[in-house]
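By the UniProt record's numbering, the letter at position 144 of the sequence shown is numbered 144, and the numbering carries on one by one without gaps. Where is the CB? At the ideal position from N, CA and C, for every residue including glycine. All values derive from a computational prediction rather than experimental measurement. I have placed the structure first, in the form of structure tokens, so that the comments after it can refer back to it.
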Amino acid sequence: MSAAVALQNITPHNGSQRDYNHATDPEYIRLRGLAEAAHERRKQYSQDSQNAYKSGDHKKAKEFSEKSKEQNKIAEGYNLQAAEYAFATNNADSESDEIDLHGLFVKEVQWILQKRIALAVRNHEQYLKVVVGKGLHSKNGISKIRPAVEELCQQGNLRNYYDNKNAGVLIIELTNARIPTDWGSTDYVTFASKSSYKTQSNNYSHQNQPQYQQQHQQYNNNNNNNNGGLLSMVLQLFCSCLQKNI
């Protein structure tokens, strides 16, 4: 299900907080599962490529490398669909000064929040309420969203504190905020590749395989046009929230 369809199917609850749990949502589980399956195939093809290269079959190594990159593309596509779906569901009834990040992976959280903060700063908003939760739906009850948001605030030198009435809400102060200039312009593939994908690439690449590392980078650049849907949907939601509160 696309973000647009998700938006159409969600009915606001007149300001009341919904208890949506992505961990039990069949559509969310399906999309994340498809992404995980593709990632497992990517890892297997990557391993096959390394084995082929070590055995001297460079042609076969390249073939496996291409298959690995294709599976990574498929996985990212399903993960973006899942992120769009969860974000749209959680934020359909959000106020203009808040954003709910449940159901998102760490990199998705930080990338979307960068965009939201950049928009807020441009609109001279004084603060932003970020629903990070308490980790109730997280594995082992440990939230990954909270430290990810705190880390982003530290990077942007943004003062923040938890709402004394709701420990699951982090309030970020934006008055006179000076954030990095690329927060409002970096696409998701570029953002994600700065750490997670770079680590994967380094684990795969060998000193004698510079051409494969270059191919990975070329793949990332060619895939930049495939991640605009999430940003468009995010901005659409923000505009909708602003209109509701005018």
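Item	Value
CB of residue 34 within 8 angstroms of CB of residue 78, strictly	yes
Check whether residue 262 and residue 128 have beta carbons under 8 angstroms apart	Look at the range of the chain in this structure, 1 to 246, and you will see that residue 262 is not part of it.
Buried or exposed (CB count within 10 angstroms, at least 16 for buried), residue 107	buried
Own chain partners of residue 64 with C-beta closer than 8 angstroms, once the 5 adjacent residues on each side are dropped	45, 46, 48, 49, 52
Whole-number beta carbon distance between residue 109 and residue 149, since they are thought to touch under 8 angstroms	7 angstroms
Within 8 angstroms, strictly: CB atoms of residue 38 and residue 86	no
Residue span of the beta strand (DSSP E) that contains residue 98, given as start and end	98-100
Outcome for residue 56 when other beta-carbon atoms lying within 10 angstroms are tallied against a minimum of 16	exposed
Residue environment, residue 90, which counts as buried when at least 16 other CB atoms sit within 10 Å	buried
Enclosing alpha helix (DSSP H) for residue 176 [first to last residue]	Unbroken run through residue 176: none, as it is neither H nor E.
Helix, strand or coil at residue 21 according to DSSP, with G and I counted as helix	coil
C-alpha distance - residue 171 paired with residue 123, whole-angstrom precision	17 angstroms
Other residues of its chain near residue 164: CB distance less than 7 angstroms, five sequence neighbours each side excluded	none
Backbone secondary structure at residue 131 - three-state DSSP	strand
Three-way DSSP call (helix, strand, coil) for residue 44 in this model	helix
Spatial neighbours of residue 176 in its chain, beta-carbon cut-off 6 angstroms, leaving aside the 5 residues before and after	none
For residue 91, the first and last residue of its enclosing alpha helix (DSSP H)	58-91
Own chain residues within Cβ distance below 6 angstroms of residue 42, not counting five before or after	68, 71, 72
Boundaries (first-last residue) of the alpha helix (DSSP H) holding residue 111	106-122
Buried versus exposed, by CB contacts within 10 Å (16 or more), residue 104	buried
Which residues DSSP lists as bridging residue 160, in chain order	172
Cutoff 8 angstroms: residue 58 Cβ touching any chain C Cβ	Annotation note: the requested chain C is absent from the structure, which comprises a single protein chain.
Contact under 8 angstroms by Cβ, residue 131 with residue 102	yes
Among 93, 59, 125, 88, nearest to residue 174 - alpha-carbon criterion	125
Cβ neighbours of residue 179 in the same chain (closer than 7 angstroms, five flanking residues each side left out)	117, 118, 121, 156
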